Amino acid sequence: MAFHNFRNYEIAKILKEIAAFLEAEKVQFKPRAFEKAALTIEEMEEELADLYKKGGIKALEEIPGVGKGIAERIEELFTTGRVKDYERLKRKYPVNVGELTSLEGMGPKSAIKLYKKLGVKNIAGLEKAVQAHKIRTLPGFGEKSEEKILKGIEFFKKSGGRALLGYILPTVRLIESRLKKLKEVEAVTVCGSIRRMQETVGDIDILITSKKPLAVADYFAKMAEVTHVYGKGETKTMVRLNLGLDADLRVVPPSSYGAAVQYFSGDKNHNIALREIAIKKGLKLNEYGLYKGNKLIAGEKEEDVYKALGLKWMPPELRTNSGEIETAKNGELPELIGYGDLRGDLQTQTEWTDGADSIEEMARAASASGLEYIAITDHTKRLAMTHGLDEKRIVKQWAEIDKLNLKFKKQNLKFTILKGSECDILKDGSLDLPDKVLSQLDVCGASVHSHFNLSRKEQTERLKKAMVNKNVDIIFHPTGRLIQRRDAYEVDIDEIIGFAKKTGTILEINASPDRLDLKDEYVRKCVASGVKMSIDSDAHSVSHFGFLEYGIAQARRGWATHDDIINAWPLDKMLKTLKR
DNA sequence: GCCGTTTTCGGCCCGACTGTTTTCAGTCG
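If you use UniProt numbering, the first sequence corresponds to residues 1 to 580, in order.
If you want it as structure tokens, here you go:
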């Protein structure tokens with residue numbers, strides 16, 4: 001029997017859509033079940049296809065959140081290539097719910113209502129309906145709803161088909177490693193915004209050298225992820241991937257490889273500035289190399305190109321033409337924090353609130369990923385939906401942390417769990433737990449989860465009031481933005497950075513792929529002001545420690561060094577930096 | 001649909017906020 005290969009994210013997407021349709025039909029409890037299974041599957045390391053081939057349906061049922069019903073549907077997908085229940089729902093509601101519900105404030109119920117009443121199937125249709133002012137006439141909707149939807153659509157358009165780095169990077173790495181293994185391939189570099197580790201990615205540029213380019217092109221065009229081939233040839237193959245992005249494979253000769261890698265890594269402004277330098281030196285720079293007249297003077301290695309222009313090679317994260325070229329000229333480039341430099345993680349959530357795993361599981365996963373310490377920072381009671389901790393439960397949590405630290409010691413595991421909190425900052429800037437509780441923590445983060453729409457002045461004062469508290473060590477995700485979904489709340493960031501310096505408060509670089517908050521520009525301001533930062537995963541499950549890489553990239557793009565990031569330091573030194 | 005130190009039925013995180021209401025539905029986290 002034919003086996004239909006589906007990747008975990010594709011399976012998760014189907015389950016999520018089923019959940020949305022059931023939610024719209026006001027079915028009780030089932031939507032949660034499908035959603036939960038989808039989230040688990042999305043985060044699994046092992047592909048369900050492999051798991052199923054090895055252990056059959058029984059193996060699927062062992063996944064937490066997957067029971068008989070969902071396992072049967074996944075089996076149906078593998079054996080027939082489709083899920084009947086899903087297709088029935090899809091026929092009933094031929095709607096792109098995933099796209100529509102990506103708009104802030106739009107859930108499945110609204111999406112389906114708009115389809116039933118106005119025939120809206122996607123964002124394009126929604127935009128037409130808003131422009132014709134049809135939405136405000138529907139019961140339950142009004143003028144404000146139209147405004148909000150319009151705002152959401154603007155966000156969607158601005159994102160212009162770009163994807164979050166954290167969403168696509170695992171797949172890109174997989175493709176890269178497969179190409180590296182081909183015997184026809186001599187070198188592979190993924191360039192563009194991915195190499196610069198930008199927050200979002202528009203397309204994927206892969207450069208290779210090869211003596212048999214057509215064989216590689218054939219392989220590339222036939223990969224499982226490819227949904228469409230635009231063109232295939234000796235030097236360039238262009239495909240559409242099921243990630244929703246296009247990928248280009250370019251074959252360049254070894255003598256030009258460095259120049260091509262430089263050229264395709266960008267960014268555009270950085271390259272323009274380099275070419276201007278070349279012109280001033282009487283040279284010409286393009287993707288084939290650096291030329292004096294017709295003579296190639298650099299091209300094989302990227303370093304050589306920079307050197308010939310009188311510059312030191314610089315990490316791609318810096319290449320934005322915002323001062324890096326002048327700095328490189330003077331030989332004063334900062335020694336950026338390295339991707340392996342973090343020793344700890346100061347924001348993690350556990351099953352005590354909205355995390356998926358236990359304190360012990362999180363600690364062991366952190367240890368396995370090379371960390372020496374983590375802070376357990378579950379939400380506080382104001383976030384009732386996460387079952388946030390109150391004064392009593394947090395004390396119980398401390399007892400468990402003490403017990404685990406002792407256990408690790410006995411097992412000779414060099415790892416420390418810190419007692420922490422993600423304490424909610426209330427509307428007036430006061431904190432969700434009393435000082436007598438917070439003062440007993442090892443490390444306390446505080447953050448905003450409500451009243452995003454205060455005036456700039458009120459929001460700034462609110463944060464300052466929290467920062468003045470001696471028990472608040474770190475402000476988590478300081479601006480509250482969600483990339484491609486929600487703007488930062490109004491806040492005077494310069495005032496906040498100045499106040500952080502004055503009060504000795506740490507500002508977080510939240511590494512969650514859709515937050516990356518502080519953004520690079522603000523990181524750079526912190527570095528300039530001497531405000532220390534932490535890079536935290538905000539992990540809600542054991543698989544999230546990988547997010548730290550995106551946070552480090554963010555810090556590097558903000559010119560941060562080892563010295564600026566407190567959790568790159570040994571535990572003792574880190575703790576001494578805190579206010580308490 | 002899933003799950004089980006409440007174990008094969010009967011629960012299922014639940015309160016705040018917003019915009020629409022005139023007592024509530026939908027979304028968020």
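Positions of the beta carbon are idealized from the N, C-alpha and C atoms, including for glycine. Remember, predicted model here, so these are calculated numbers, not experimental data.
Looking at the DSSP output, Glu422 sits in a beta bridge with His379 and Gly445. The three-state reading of DSSP puts Ser534 in strand, counting E and B together. At least 9 Å separates the beta-carbon of Ala33 from that of Ile74.
The beta carbon of Asp85 is closer than 8 Å to those of Ile18 and Arg73 in its chain, skipping five residues each way along the sequence. The C-alpha of Asn122 is placed about 12 Å away from the C-alpha of Val130. In this structure, Ile149 lies near Leu126, with their beta-carbon atoms less than 9 Å apart.
Under the 10 Å beta carbon count, Gln397 is surrounded by 16 or more other beta carbons and is classified as buried.
When the beta-carbon positions are compared, Val216 and Leu245 stay at least 9 Å from each other. Relative to Arg162, the option among Gly105, Ala247, Arg82 and Asn96 whose CA is nearest is Ala247.
Restricting attention to alpha helix (DSSP H) runs no shorter than 4 residues, the segment 331–373 encloses them at 359–368, ordered along the chain. Every alpha helix (DSSP H) stretch that sits fully inside the segment 476–540 and reaches 4 residues is listed by chain position as 493–503 and 520–529. Annotation: Gly370 to Arg7 spans about 28 Å, alpha carbon to alpha carbon. Where Lys403 is concerned, the enclosing alpha helix (DSSP H) starts and stops at Glu391 to Lys410. The segment 523–530 and the segment 493–503 touch, with no fewer than 3 CB-CB distances between them shorter than 8 Å. Counting only the Cα atoms, Ile277 lies some 7 Å from Leu309. The C-alpha of Lys292 lies about 12 Å from the C-alpha of Lys280.
With respect to the C-alpha of Asp354, the residue from Ala368, Thr416, Asp378 and Leu342 having the closest C-alpha is Asp378. Between the alpha carbons of Met362 and Thr416 lies a distance of about 12 Å. The closest CA to that of Gln347, considering only Tyr167, Val66, Lys222 and Ala446, is found on Ala446. Of Leu507, Val531 and Asn471, the smallest CA-CA separation from His477 is found for Leu507. Spatial neighbours of Glu234 in its own chain (CB-CB distance under 8 Å, excluding positions within 5 residues in sequence) are listed in chain order as Pro213, Leu214, Ala217 and Val251. Residue state for His451 is assigned as coil, using DSSP reduced to three classes.
Short of 6 Å from the beta carbon of Asp205, and not among the five residues preceding or following it, lie these beta carbons of its own chain, in chain order: Cys191, Gly192, Asp248 and Phe264.
Ser159: member of the alpha helix (DSSP H) spanning Glu143 to Ser159, first to last residue. When Tyr373, Glu302, Gly105 and Asn471 are compared, the shortest CA-CA separation from Leu578 is found for Asn471. Relative to the Cα of Ile168, the nearest Cα in the group Gln411, Tyr9, Ala365 and Leu103 belongs to Tyr9.
For Glu186, the uninterrupted beta strand (DSSP E) run begins and ends at Val185 to Val190, by DSSP. By the 16-neighbour rule on beta-carbons within 10 angstroms, His228 is exposed. In the three-state scheme derived from DSSP, where H, G and I count as helix and E and B as strand, Ile63 is classed as coil.
Annotation: the segment 182–268 contains the following complete segments of the alpha helix (DSSP H) (minimum length 4 residues), in chain order: 192–195, 213–221 and 257–265.
The beta carbon of Lys307 lies closer than 8 Å to those of Ala298 and Trp313 in the same chain, with the five residues before and after it left out. By the criterion of at least three beta-carbon pairs nearer than 8 Å, the segment 75–83 is in contact with the segment 44–64.
Relative to the Cα of Arg481, the nearest Cα in the group Leu100, Phe155 and Tyr115 belongs to Phe155.
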